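For the sequence shown, our numbering begins at 6 and goes up steadily by one. Each residue gets a CB set at the ideal place from its N, CA and C atoms; glycine is no exception. These figures come from a predicted structure and were not determined experimentally.
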Amino acid sequence: MDEDPYVETTGHVHSMRGIPDDARMLGLDRNTEEGAMVAMAGSLSPTKLSHRVVAWLVLLSFLGPMLFGAVHNVF
6 MDEDPYVETT GHVHSMRGIP DDARMLGLDR NTEEGAMVAM AGSLSPTKLS
56 HRVVAWLVLL SFLGPMLFGA VHNVF
């Protein structure tokens, strides 16, 4: 019987914290770029101001280049 290497005998998932089950089924974990981003986003708490600021900064870092490219192509 193969056991999940991320689950310890207590049943807690330590190295996969913040990664949803469907992302794990796709093969994402903290060692992949996409999985690290999913884990980071999943660990943010909307009740903390600093976490909301980080979420907005990440969103802007992804949207910024796209918006600059769109504006550059239009003008």
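Asked: Terminal residues of the continuous alpha helix (DSSP H) containing G74?; Found: 54-79
Asked: Within 7 Å: the Cβ of D26 and any heavy atom of the ligand FMN?; Found: Absence of the ligand FMN is noted for the structure shown, with no ligands found whatsoever.
Asked: Buried or exposed: where does V76 fall if 16 or more other Cβ atoms within 10 Å of its Cβ makes it buried?; Found: exposed
Asked: Which term fits V79, buried or exposed, when burial requires 16 or more other beta carbons within 10 angstroms of its beta carbon?; Found: exposed
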